[in-house]
Amino acid sequence: MLVEDNLDDERLVVRAFRKAGIDEFIVARTGEEALTTLENQAGQPYPSLVLLDLKLPKVNGLEVLRSMRANEETRLVPVVVFTSSDEEGDILQSYELGANSYIRKPVDYESFMEAVQAVISYWLGLNHAAQSVSNMAAL
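Using the numbering used here, the first residue of the sequence shown is number 1375, and each one after it goes up by one.
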């Protein structure tokens, strides 16, 4: 799942996902939309990864992260904060709220695409994510 309000960044991330052979993903353009989408996933598989911008309209990324970690169903979903902010306070608060990783968006195209590819490779390739609580109960 990509949570991003910048259309240019969204296009680049979507391009990187498709280039990696990932065609099924959800895009939310506000924090509110992200939370609504996750709430509507109840009983269905949750995203394998949430790529989360912090500076979002309506509900910011930190609030999305806080809500995800407070919810028993989404608290184990890997969240990578992918934002333009390099403020120490944002970094610290993201980790305190349970972010799995914090990556500052590169400004040039090539570095941006390399960063997204690295996220995809690690989090959707090498990493073994925990099952959600509801999926574990079903096992």
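Idealized CB from N, CA, C, for every residue including glycine. Source: prediction; values computed, not measured.
So, are the CB atoms of residue i and residue j less than 8 Å apart?
i	j	result
Glu1447	Ala1416	yes
Ser1458	Lys1479	yes
Val1433	Leu1409	yes
Asn1501	Pro1421	no
Leu1423	Val1377	no
Asp1464	Asp1427	no
Ala1402	Gln1491	no
In whole angstroms, what is the alpha-carbon distance linking residue i and residue j?
i	j	result
Asn1414	Ile1400	12 Å
Arg1385	Ala1444	30 Å
Glu1437	Gly1405	8 Å
Glu1488	Phe1456	13 Å
Leu1345	Met1375	Outside the shown range of the chain (1375 to 1513) lies residue 1345, about which nothing can therefore be said.
Asn1474	Val1454	6 Å
Glu1461	Ile1477	12 Å
Ser1485	Arg1449	30 Å
Asp1482	Ala1504	33 Å
Lys1393	Asp1383	15 Å
Asn1509	Leu1466	In this prediction, Asn1509 scores a pLDDT of 45, lower than 50, which makes its location untrustworthy; the coordinate-derived value is nonetheless stated afterwards. Whole-angstrom Cα-Cα distance: 30 Å.
Ser1441	Gly1435	10 Å
Asp1397	Gly1499	15 Å
When DSSP builds the beta bridges, which residues end up paired with residue i?
i	result
Ala1402	Val1377
Arg1389	None, per the DSSP bridge assignment.
Val1424	Val1453
Starting from residue i, trace the beta strand (DSSP E) in both directions and tell me its first and last residue.
i	result
Val1453	1453 to 1457
Please report the residue range of the alpha helix (DSSP H) in which residue i lies.
i	result
Arg1440	1435 to 1444
Ser1475	Where Ser1475 is concerned, there is no enclosing alpha helix (DSSP H), although the beta strand (DSSP E) it sits in stretches over 1475 to 1478.
Glu1484	1483 to 1495
Asp1460	Note, Asp1460: premise wrong, no alpha helix (DSSP H); not H, not E.
Report back the beta-carbon spacing between residue i and residue j to the nearest angstrom; my notes put them in contact at under 8 Å.
i	j	result
Leu1439	Leu1471	5 Å
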